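Everything below concerns the one structure shown next.
Numbering (full-length UniProt numbering), first residue to last: 1 to 404.
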């Protein structure tokens with residue numbers, strides 16, 4: 001199988017997400033009208049679909065859905081790119097997004113095909129920026145004139161379409177603060193939690209398009225939020241106050257501080273504040289463990305929710321600031337991207353006891369795989385398919401898919 005696939009985007013890429021499924025099942029109609037249509041097996045390349053978002057400093061940003069060129073044999077490692085502009089991928093759909101997407105995600109694989117938000121044989125994609133936007137992705141762009149979509153103009157010569165079907169904002173117009181991230185609940189796919197620079201987290205019901213609850217989650221900006229895997233009620237967030245906090249929708253009167261950073265040693269301010277935590281990522285196989293990293297740091301911290309207060313493992317191997325983290329679907333490996341222009345893959349089980357007597361955390365200093373990029377790595381994501389060895393990397397205008 002090809003070990004590297006690439007796509008040359010028309011814009012700098014920041015947000016990126018693998019599709020969680022191989023797409024809606026296609027059917028072959030039998031000549032006998034009384035006979036049921038026959039389902040067609042998904043082709044191998046159908047799982048190689050990604051949603052990507054641009055990052056330009058104006059209101060002309062875009063999001064795209066790209067898919068592996070159907071003529072590219074995945075079994076030949078030496079096949080040259082045959083897509084548009086030397087890419088292995090083709091653009092399946094594209095649309096205007098306004099402000100840059102701070103995060104983009106496909107609906108969970110657990111979503112019902114009968115969701116009131118979408119039509120059959122379509123998929124939902126969410127993106128965050130000034131508001132939370134819900135898009136319907138259709139493999140075919142021929143839409144009915146009165147389809148009920150907020151925005152239905154494809155605007156590009158692509159086989160599919162992205163149609164804005166919902167924008168979730170506070171009840172009071174003009175009061176929305178920019179969103180930094182969100183998380184889609186896999187247990188109840190109609191539920192999304194967002195986080196914002198206004199210190200709040202908001203839980204949304206997609207079916208009713210209303211907020212279930214909004215709470216002040218941190219003392220400063222909230223940078224990331226994730227649902228606890230396989231839970232419909234518990235989510236965890238990190239923010240500029242340097243804390244990692246857990247919330248339970250069944251008891252919002254209290255939150256649990258699982259971890260707090262210390263002020264940076266280089267700070268000369270007498271009122272030194274804790275180092276901000278930028279992102280978090282739960283281990284998909286064992287939800288007791290999660291990874292996070294601080295602003296301006298080349299170190300990743302692995303935390304155990306059963307033993308809050310300090311990391312159980314620290315990963316030290318990058319020469320630049322960490323920009324992105326992603327677990328393999330079975331939780332065995334962690335991939336990290338950095339400003340040092342590398343993507344590295346770590347086996348947490350190979351950690352060793354720290355030589356620092358004051359630290360109880362294990363340390364990992366040697367990665368099991370390393371990819372060098374020509375530019376700083378903005379985003380990485382491991383394929384969600386079971387036991388997949390493919391990692392997507394966004395670096396400047398290029399997306400690369402790397403096979404471990």
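Don't be surprised by glycine CBs; every beta carbon is placed ideally from N, CA and C. Please read all numbers here as calculations on a predicted model, not as lab measurements.
Of all the options the options, which has the alpha carbon lying nearest to the alpha carbon of residue i?
i, options, result
"residue 230", "181, 286, 17", "286"
"residue 168", "157, 193, 161", "193"
"residue 19", "118, 108, 232", "108"
"residue 340", "276, 236, 314, 370", "370"
"residue 190", "113, 254, 252, 198", "113"
"residue 418", "366, 198, 170", "Residue 418 lies beyond the range of the chain shown here (1 to 404); nothing can be said about it."
"residue 376", "360, 398, 345", "398"
"residue 327", "65, 284, 130", "284"
"residue 60", "395, 91, 211, 97", "97"
"residue 185", "236, 258, 91, 200", "236"
"residue 260", "289, 293, 288", "293"
Would you kindly work out how many angstroms separate the C-alpha atoms of residue i and residue j, rounded to a whole number?
i, j, result
"residue 4", "residue 102", "26 Å"
"residue 89", "residue 256", "44 Å"
"residue 307", "residue 329", "24 Å"
"residue 42", "residue 262", "Confidence at residue 42 is low in this model, with a pLDDT of 43, below 50, so the placement of that residue should be treated as unreliable; the coordinate-derived value is given next. One C-alpha to the other measures close to 50 Å."
"residue 385", "residue 7", "20 Å"
"residue 123", "residue 21", "10 Å"
"residue 404", "residue 390", "6 Å"
"residue 282", "residue 331", "9 Å"
"residue 141", "residue 315", "45 Å"
"residue 128", "residue 56", "15 Å"
"residue 302", "residue 337", "16 Å"
"residue 387", "residue 362", "26 Å"
"residue 214", "residue 244", "18 Å"
"residue 54", "residue 11", "6 Å"
"residue 183", "residue 318", "27 Å"
"residue 116", "residue 48", "27 Å"
"residue 132", "residue 352", "42 Å"
"residue 63", "residue 220", "29 Å"
"residue 188", "residue 208", "14 Å"
"residue 300", "residue 157", "42 Å"
"residue 181", "residue 87", "29 Å"
"residue 381", "residue 272", "34 Å"
"residue 52", "residue 227", "22 Å"
"residue 277", "residue 111", "30 Å"
"residue 350", "residue 343", "18 Å"
Once DSSP output is grouped into helix, strand and coil, what is the label at residue i?
i, result
"residue 383", "coil"
"residue 197", "coil"
"residue 287", "coil"
"residue 348", "helix"
"residue 47", "helix"
"residue 188", "coil"
"residue 336", "strand"
"residue 407", "Only positions 1 to 404 of the chain appear in the structure, and residue 407 is not among them; the question remains open."
"residue 323", "strand"
"residue 245", "strand"
"residue 314", "strand"
"residue 32", "At residue 32 the pLDDT is 44, less than 50, meaning the model places this residue with poor confidence; the figure from the coordinates comes in the next sentence. Residue 32 falls in the coil class under three-state DSSP."
"residue 398", "strand"
"residue 235", "strand"
"residue 99", "coil"
Within the present structure, is the beta-carbon of residue i separated from the nearest heavy atom of the ligand NAD by less than 7 Å?
i, result
"residue 369", "The ligand NAD is absent from the structure shown, which contains no ligands of any kind."
Assign residue i to buried or exposed, taking buried as 16 or more other Cβ atoms, counted over all protein chains shown, within 10 Å of its Cβ.
i, result
"residue 241", "buried"
"residue 279", "buried"
"residue 50", "buried"
"residue 68", "buried"
"residue 58", "exposed"
"residue 291", "buried"
"residue 368", "exposed"
"residue 251", "exposed"
Quick check: is the beta carbon of residue i nearer than 8 Å to any beta carbon in chain C?
i, result
"residue 349", "Absence of chain C from the displayed structure is noted, only one protein chain being present."
How about residue i and residue j: do their beta carbons lie closer than 8 Å?
i, j, result
"residue 16", "residue 134", "no"
"residue 195", "residue 176", "no"
"residue 14", "residue 378", "yes"
"residue 93", "residue 162", "yes"
"residue 249", "residue 224", "no"
"residue 296", "residue 321", "yes"
"residue 205", "residue 212", "yes"
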